[in-house]
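Mapping the sequence shown onto the working numbering, position 144 (from 1) lands on 144, and the numbers just tick up by one. Heads up, the thing below is written out as structure tokens.
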Amino acid sequence: MRALLDLVLPARCAGCGDPAGPGCPGCLRALSGPARWTRPDPCPAGLPPVATVAAYGGPVRGLLIGYKEHGVSGLARPLGGALARSLLLARGPGAGAVVVVPVPSSGRQCRRRGADVVVEIAARAVRELRALGHRVQLVRALRHVRAVADSAGLGAHARVANVVGALAVRRGAGPLVAGRTVVLVDDLVTTGVSLAESARVLRAASATVLAAATIAATTRRAHAPGVAAAGLGSPAAQQRGWGLRC
Ligand SMILES: [Zn+2]
């Protein structure tokens, strides 16, 4: 259906509305940078190191919403490519075989979008890395066990309460993650509470959660030397290890 819609609808850029869509060169440039480490502020307990590519906002927000909410399938490739670069940083050199576990979308999101679009992007990124010889395997290990509210209007404490206990390991997926090295993936990191809860559930299932990989990170105030206002740790800060762990 998405491919059909792409054929019949004018391909405006989801980032800026330019006729050179679905992602114009200028907007796609925002997704083409190198992966970097980021950290939400405040940082939830248990959050693994988080890699990302872009600051969330402007064209990046438009491109992500275009793919997730409007089914613009032509954006799958650049979004998958960005997530693949983020995954490579999160995985690190010499990590060996890694299991890639997407943070599950809620049932309501899946019904509205017709699919778990984060899984779709993750699958694309994993295919790209496997084609390059990397030992990565996608496992949809997590599922929602109760409904969660839309976190957009919630405060920090309510966001945590919203997700704690909401996830579990899927039936039959335990042996696929137990004793394995896992990298979590999500399209976007905001407060980090969903990634932290996903990590907690996987650790309880005897997985080693190495890091998380995202396409974009929400902006936050700079509050430490060497930290860019975009919310991404500077190279110097990263070399000191700042921002990698809570
Ligand atoms: Zn554009």
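Backbone N, C-alpha and C fix where the C-beta goes; we use that ideal spot for every residue, glycine too.
Proximity of Val101 and Val177 at Cβ, strictly below 9 angstroms
yes
Residues of its chain near Val117, where Cβ-Cβ distance is below 6 angstroms and the 5 sequence neighbours each way are ignored:
Lys68
May I ask which residues mark the beginning and end of the beta strand (DSSP E) holding Arg39?
Boundaries for Arg39: no beta strand (DSSP E) harbours it, and the DSSP string shows neither H nor E there.
In three-state terms, what does DSSP make of Leu28?
helix
Going by CA-CA distance only, name the one from Ala76, Cys43 and Ala123 that's closest to Leu31.
Ala76
Going straight from the alpha carbon of Gly249 to that of Ala97, what length do you get?
Only positions 1 to 246 of the chain appear in the structure, and residue 249 is not among them; the question remains open.
Using 8 angstroms as the cut-off, classify the Cβ of Ala11 as near or not near the heavy atoms of ligand 1, replying yes or no.
no
Rounded C-alpha distance that separates Ala14 from Gly33
19 angstroms
On the DSSP bridge list, what partners appear for Thr208?
In DSSP, Thr208 forms a bridge with Thr181.
Might you give, ordered along the chain, the residues of its own chain that have their beta carbon closer than 6 angstroms to the beta carbon of Ala196, omitting 5 neighbours on each side?
The answer, listed in chain order, is Pro44, Gly46 and Leu47.
Every unbroken beta strand (DSSP E) within the segment 85-150, with a cutoff of 3 residues, ordered by chain
98-102, 136-138 and 142-144
With DSSP collapsed to three states, give me the class of Ala224.
Confidence at Ala224 is low in this model, with a pLDDT of 37, below 50, so its placement is unreliable and the value that follows should be read with caution. Note: Ala224 maps to coil in three-state DSSP.
Is Val193 helix, strand or coil by DSSP?
helix
Leaving out the 5 sequence neighbours to the left and right, which residues in its chain are closer than 8 angstroms to His70 when beta-carbon positions are compared?
Around His70: Ala14.
Please classify Ala217: is it buried, with 16 or more other beta-carbons within 10 angstroms of its beta-carbon, or exposed?
buried
Take the Cβ of Pro175 as the centre, count every other Cβ of all protein chains shown within 10 Å, and call the residue buried at 16 or more, exposed below.
exposed
Look at Arg146 and Val169 and say whether their C-beta atoms are less than 9 angstroms apart.
no
Do Gln137 and Val126 have their beta-carbon atoms positioned less than 9 angstroms apart in this structure?
yes
Can you find a heavy atom of ligand 1 that lies under 8 angstroms from the Cβ of Ala54?
no
Status (buried if at least 16 other CB within 10 Å, exposed otherwise) for Leu331:
Summary: the structure shown does not reach residue 331, with the chain confined to residues 1 through 246, and so no result is reported for it.
Indicate whether the contact test is met: 3 or more Cβ pairs, each with one atom in the segment 14-24 and one in the segment 177-187, closer than 8 angstroms.
no
For Ala216, which residues does DSSP report across the bridge?
Ala54 and Leu188
Under the rule that 16 or more other beta-carbon atoms within 10 Å means buried, what is Arg135, buried or exposed?
exposed
Of all the options Asp187, Arg36 and Asp18, which has the alpha carbon lying nearest to the alpha carbon of Pro78?
Shortest Cα-Cα distance from Pro78 to any of Asp187, Arg36 and Asp18 involves Asp187.
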